[in-house]
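Asks: Please find one structure pasted underneath; my questions will follow.
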Amino acid sequence: MKTRDILWVVCLSAILVLGLDLLTNAIDTKKYAWDFVYYIALAKDGFDAKPLASPFVYRYLTPFIVNLISKASGLSIEHGFLAIAYFGAIAQLTGVFLFTHWLTRSRKGAVIAMAVTALSLFNIKFLLFDIYRPDHLAYALVLLQTYFAFEKKFLPLLITTVIASQIREFNIVPLVAYLIAVSRTEERPKFIGQASLSVLSLLPAIILPRLLIPVTENYQIAGFSPEAILTTLLLPFMPSVSINFIFSIFAYLLPILFLADLKTIKATLAGLPDDQRVYLYAYVILVLFLSFLGGTDFFRFATFLFLPQIILLGFIAPQKSNLHVGSMLTVTFIFNRIWLPFPMADRDQYRDFYGGHSLRLSWATLYRALEWLAFILVGVVLRAKAKGTFPPSSFPD
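Each number in my numbering comes from the position in the sequence shown (counting from 1) with 22 added on.
Okay, here's the thing in structure tokens:
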């Protein structure tokens, strides 16, 4: 793409982020003491912060960048986080457009993929609500890592992964997915060499922080302690956990499931080169695995499925009518409550706003599931009409 086109995409991304921010309230850091407490402490005091809690402390890179911004510019820690939130959101949307356009060669598909990502509640809006999260840069880096993987640029992928793993654990997934694809599609010596170098480079990046940082509190579900192992083994047998996990995944994938049936999705994936298809399958499986074991906020972990969703949208959306695409964007906007502020009155209202939170099942969970099903049925009807399954007279224009 030309520089002028890239600048146009950046401007469009900035406009979308600004618009979303105008519709978004700020988290109440005085009323509640959630994850942001640890990230703010890291940004202020580094590893001297008290307490140092896992897994938050292992995502130190974003708070440390905020600290540098604050010292270099004179901004407060809060405004440093806000600057990162804006930069990360714009980089994410710009990256979605550039990556999708590069892969599909469709400007329309890239714009739709960008719009869907902007309207996915926890990709942008939530990170403008809770600006203290470390995730801001993770999504754009996943796109960059996947680009390196698809282009078979192993060393840039490895270097990016080592750095990005200090931001979010999910950023390890692209490298592992790439190695799985190499093991299936390339010669064995190449796989052994790249896998060995990956282990030698990545293990220190993962293990050393966990050995050297003096953690005093632990909030990780998965781990190697007897209690953590028992909890991990019992998780699949907790119905509320499984229900919320499944809901979060399907809720996030509402746009593509509204637009296309499983046969179309399967055919689209089958049309990809073997290495890219294996990469995406491995990526999805790894994201689902980490999401299930990652903690309570399943809806936030599901956001890392943005990668397969934008790829599918990039290929499929341009083939759909403007009515179908417009309906999909409208449904996504409504389902994700983009125009509403996040409830801050109490924890239960906050958790029920989207649904899919850990062990919590309520009437709101049922309502959200029925709402999702109703929207999916609308998508089925639109697809059936487009195929001529229903008589035209049954659906007046």
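In this text, a Cβ means the ideal position worked out from N, Cα and C, and glycines have one as well.
Buried or exposed: Gly96, going by 16 or more other Cβ atoms within 10 Å of its Cβ?
Replies: For the purposes of this step, residue 96 is taken as the residue at position 74 of the sequence shown. Gly96 is exposed by the Cβ-count criterion.
Asks: Compare the C-alpha of Tyr108 against each of Gln167, Asp50 and Leu42 and name the closest.
Replies: Reading the sequence shown from its first residue, position 86 is the one you call residue 108. Measuring from the Cα of Tyr108, the nearest candidate turns out to be Leu42.
Asks: Tell me whether Asp319 sits in a helix, a strand or coil according to DSSP, three-state version.
Replies: Along the sequence shown, one-based indexing puts residue 319 at 297. Of the three classes helix, strand and coil, the one that applies to Asp319 here is strand, per DSSP.
Asks: Are the beta-carbon atoms of Ile146 and Ser187 separated by less than 8 Å?
Replies: For this step, residue 146 is matched to residue 124 along the sequence shown. For this step, residue 187 is matched to residue 165 along the sequence shown. No, the Cβ-Cβ distance between Ile146 and Ser187 is not below 8 Å.
Asks: Locate the alpha helix (DSSP H) running through Met136, then write down its first and last residues.
Replies: For the purposes of this step, residue 136 is taken as residue 114 along the sequence shown, with counting starting at 1. Note, Met136: alpha helix (DSSP H), Arg129 to Ala140.
Asks: Rounded to a whole number of angstroms, what is the C-alpha to C-alpha distance between Lys174 and Thr183?
Replies: Here residue 174 refers to the residue found at position 152 of the sequence shown. Here residue 183 refers to the residue found at position 161 of the sequence shown. So the alpha carbons of these two residues sit roughly 14 Å apart.
Asks: Using a Cβ distance threshold of 8 Å, determine whether the segment 349-368 contacts the segment 305-325, with at least three qualifying pairs required.
Replies: Contact between the segment 349-368 and the segment 305-325 is absent, because fewer than three Cβ pairs lie under 8 Å.
Asks: Between Tyr61 and Phe78, how many whole angstroms is the CB-CB distance? I'm expecting something under 8 Å.
Replies: Along the sequence shown, read from residue 1 onward, the residue named residue 61 stands at position 39. Along the sequence shown, read from residue 1 onward, the residue named residue 78 stands at position 56. With 8 Å as the limit, Tyr61 and Phe78 qualify as a contact, their Cβ atoms being about 6 Å apart.
Asks: For the alpha helix (DSSP H) that Phe69 lies in, which residues bound it at each end?
Replies: Indexing the sequence shown from 1 puts residue 69 at position 47. Where Phe69 is concerned, there is no enclosing alpha helix (DSSP H), given that its DSSP letter is neither H nor E.
Asks: Leaving aside the five residues before and after Ser262 along the sequence, list all residues of the same chain whose C-beta is less than 6 Å from its C-beta, in chain order.
Replies: Taking the sequence shown and counting its residues from 1, one reaches residue 262 at position 240. So the list reads Leu381 and Leu383, once near-sequence residues are dropped.
Asks: Report the option in His346, Gln371 and Tyr54 whose CA atom is closest to the CA atom of Val11.
Replies: Outside the shown range of the chain (23 to 419) lies residue 11, about which nothing can therefore be said.
Asks: Excluding the five sequence neighbours on either side, which residues of its own chain have a C-beta within less than 6 Å of the C-beta of Tyr274, listed in chain order?
Replies: If you number the sequence shown from 1, residue 274 lands on position 252. Ala324 and Leu327, listed in sequence order.
Asks: Tell me the DSSP bridge mates of Ser76?
Replies: The count along the sequence shown starts at 1 and reaches residue 76 at position 54. Paired residues: Asn240.
Asks: Please name the residue or residues paired with His346 in a DSSP beta bridge.
Replies: Along the sequence shown, one-based indexing puts residue 346 at 324. Paired residues: none, contrary to the question.
Asks: Measuring alpha carbon to alpha carbon, tell me which residue in Ser349, Ile338 and Ala304 is nearest Ser128.
Replies: By one-based count along the sequence shown, residue 128 stands at place 106. For Ser128, the nearest C-alpha among the options comes from Ile338.
Asks: Excluding five sequence neighbours on each side, which residues of the same chain lie with their C-beta closer than 8 Å to the C-beta of Leu166?
Replies: The count along the sequence shown starts at 1 and reaches residue 166 at position 144. Only Gly117 and Thr182 meet the Cβ criterion.
Asks: Around the Cβ of Leu234, are there at least 16 other Cβ atoms within 10 angstroms (buried) or fewer (exposed)?
Replies: What you label residue 234 is simply residue 212 of the sequence shown in a count that begins at 1. Leu234 is exposed by the Cβ-count criterion.
Asks: Near Leu201, what residues of its chain come up, given a Cβ to Cβ distance below 8 Å and the 5 sequence neighbours on each side ignored?
Replies: Counting from one through the sequence shown, the residue named residue 201 turns up at place 179. So the qualifying residues of the chain are Phe213, Gln216, Ala217 and Ser220.
Asks: Going by alpha carbons, who is nearest to Gln298 out of Leu329, Leu225 and Phe314?
Replies: As a first step, residue 298 must be located in the sequence shown, where it is residue number 276. Cα-wise, what sits closest to Gln298 is Leu329.
Asks: Rounded to whole angstroms, what is the Cα-Cα separation between Ala132 and Asp50?
Replies: Position 110 of the sequence shown, counted from the start, is the residue given in the question as residue 132. Position 28 of the sequence shown, counted from the start, is the residue given in the question as residue 50. Each residue's Cα considered, the two are about 35 Å apart.
Asks: Whole angstroms are fine: how far does the CA of Ile194 sit from the CA of Arg232?
Replies: As a first step, residue 232 must be located in the sequence shown, where it is residue number 210. As a first step, residue 194 must be located in the sequence shown, where it is residue number 172. Roughly 16 Å between the two C-alpha positions.
Asks: Would you give the residue range spanned by the alpha helix (DSSP H) that Ser270 belongs to?
Replies: In the sequence shown, the residue the question calls residue 270 occupies position 248. Its alpha helix (DSSP H) spans residues Pro261 to Tyr274.
Asks: If Ala162 sits next to Ile189, beta carbons under 8 Å apart, how far is it from one beta carbon to the other, in whole angstroms?
Replies: Position 140 of the sequence shown, counting from 1, holds the residue named residue 162. Position 167 of the sequence shown, counting from 1, holds the residue named residue 189. Contact flag wrong, Cβ pair sits at about 10 Å.
Asks: For Phe170, count neighbouring Cβ atoms within 10 angstroms of its own Cβ and tell me buried if that reaches 16, exposed if not.
Replies: For the purposes of this step, residue 170 is taken as residue 148 along the sequence shown, with counting starting at 1. Counting Cβ neighbours within 10 Å, Phe170 comes out buried, since at least 16 surround it.
Asks: Pop quiz: Trp385 and Leu276 are said to be a contact at Cβ under 8 Å. What is the actual Cβ separation, rounded to whole angstroms?
Replies: Here residue 385 is taken as the residue at index 363 of the sequence shown, counted from 1. Here residue 276 is taken as the residue at index 254 of the sequence shown, counted from 1. Not a contact, Cβ separation roughly 20 Å.
Asks: Which value, in whole angstroms, describes the spacing of the CA atoms of Thr423 and Val32?
Replies: It is not possible to answer for residue 423, since the shown part of the chain is limited to 23 through 419.
Asks: Between Val353 and Phe280, which are expected to be in contact by the criterion C-beta below 8 Å, what is the C-beta distance as a whole number of angstroms?
Replies: Position 331 of the sequence shown, counted from the start, is the residue given in the question as residue 353. Position 258 of the sequence shown, counted from the start, is the residue given in the question as residue 280. That pair is a contact at about 6 Å.
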